[in-house]
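Structure record follows, encoded as C-alpha cells.
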Amino acid sequence: MVGAVVGINRWKKTPEGNLFLGKLILKIPIVGKIVTNVTLTNFNRTFGLLTSAGIPLLESIGIVSDLTDNPVFKIALKDAYNGVEKGLPFSSLLSATVFPKIVSQMIKVGEETGKVDEIFLKLADFFESESDHLVKNLTVAIEPIVLVILGIGVAFLVISIILPIYKLTTSF
Numbered sequence: 406m407v408g409a410v411v412g413i414n415r416w417k418k419t420p421e422g423n424l425f426l427g428k429l430i431l432k433i434p435i436v437g438k439i440v441t442n443v444t445l446t447n448f449n450r451t452f453g454l455l456t457s458a459g460i461p462l463l464e465s466i467g468i469v470s471d472l473t474d475n476p477v478f479k480i481a482l483k484d485a486y487n488g489v490e491k492g493l494p495f496s497s498l499l500s501a502t503v504f505p506k507i508v509s510q511m512i513k514v515g516e517e518t519g520k521v522d523e524i525f526l527k528l529a530d531f532f533e534s535e536s537d538h539l540v541k542n543l544t545v546a547i548e549p550i551v552l553v554i555l556g557i558g559v560a561f562l563v564i565s566i567i568l569p570i571y572k573l574t575t576s577f
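With the numbering used here applied, the sequence shown corresponds to residues 406 to 577, in that order.
Here you go:
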C-alpha cells in the first residue's frame with residue numbers, strides 16, 4: 406500500500422503523470438468545473454492586471470503560463486505563446502483549446518476595442534462568481550449525504566454499546 410502511494414507520487418512528478426492527472430481532474434463532473442473556473446479566474450485576473458500595468462502581451466502570456474498550476478492550461482498557454490510570437494491573434498489561439506468559447510470571444514472583443522485589460526478583469530469576476538455558485542451548490546448537495554453517513558455511524562456506535570448491555574441484562 407505504501408509502495409503504491411510512493412509510486413503514484415513519483416509518477417505524478419513526471420510530465421506524463423502530471424498531465425494525465427491534470428486531464429483527469431478536469432473530467433471529474435463537478436470538481437473539474439470548479440477547478441476550471443478557479444484556474445480561469447486566476448488566469449484572467451492576473452492577465453488583466455499585467456496588461457493594465459502595460460506589460461506586453463507576449464510577456465504576460467509567459468508569466469501567466471508560469472503561474473498556472475494545471476498542466477492542461479499550461480500547455481494551451483505555451484502553444485498560445487508560440488502562436489502570438491508568430492503573429493497570430495491571441496483570441497483565435499485560445500478558441501481551439503481547453504478555454505471556453507466565451508473567453509476567446511471576449512478577448513476578441515477586447516482586441517478590437519483596445520480594452521483587453523478591462524475584458525480580462527470582467528472575465529475574472531464572471532468566473533469567480535461561477536466558482537462561488539458551484540461551491541455553494543456542491544456544499545448543499547453534499548450536506549444530506551454527510552448527515553446520512555454520520556447518522557449511520559452514530560447508529561452503529563449506539564448499537565455496539567447498547568447491544569452488549571442488553572445481552573448482559575437478559576442473561577441474568
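Ideal Cβ positions, reconstructed from N, Cα and C, are used throughout, including at glycine.
For residue 424, the CB contacts under 6 Å within the same chain, skipping 5 residues up- and downstream, are 476 in chain order. Distance from the CA atom of residue 538 to the CA atom of residue 548, rounded to whole angstroms, is 15 Å. With a contact defined as Cβ atoms closer than 8 Å, residue 528 and residue 508 qualify at about 6 Å. Taking all protein chains shown into account, residue 440 has 16 or more neighbouring C-beta atoms within 10 Å of its C-beta and is therefore buried.
Between residue 521 and residue 456, the CB-CB gap stays under 8 Å. With a minimum length of 4 residues, the unbroken runs of alpha helix (DSSP H) contained wholly in the segment 453-488 fall at 462-472. With contacts defined as CB atoms closer than 8 Å, residue 496 and residue 516 qualify as a contacting pair. Excluding residues up to 5 positions away in sequence, 477 lie with their Cβ nearer than 7 Å to the Cβ of residue 428 in the same chain. Taking the CA atoms as reference points, residue 546 sits about 21 Å from residue 532. Counting only runs of 4+ residues, the alpha helix (DSSP H) found wholly inside the segment 411-448 occupies 420-432, in chain order. For residue 444, same chain residues with a beta-carbon under 7 Å away, outside a window of 5 residues either side, are 473, 475, 478 in chain order.
Cβ atoms of residue 435 and residue 543 come within 8 Å of each other, at about 6 Å. In this structure residue 574 is exposed. Its beta-carbon is surrounded by fewer than 16 other beta-carbon atoms within 10 angstroms.
The Cβ atoms of residue 442 and residue 535 lie closer than 8 Å to each other. With a contact defined as Cβ atoms closer than 8 Å, residue 430 and residue 437 qualify at about 6 Å.
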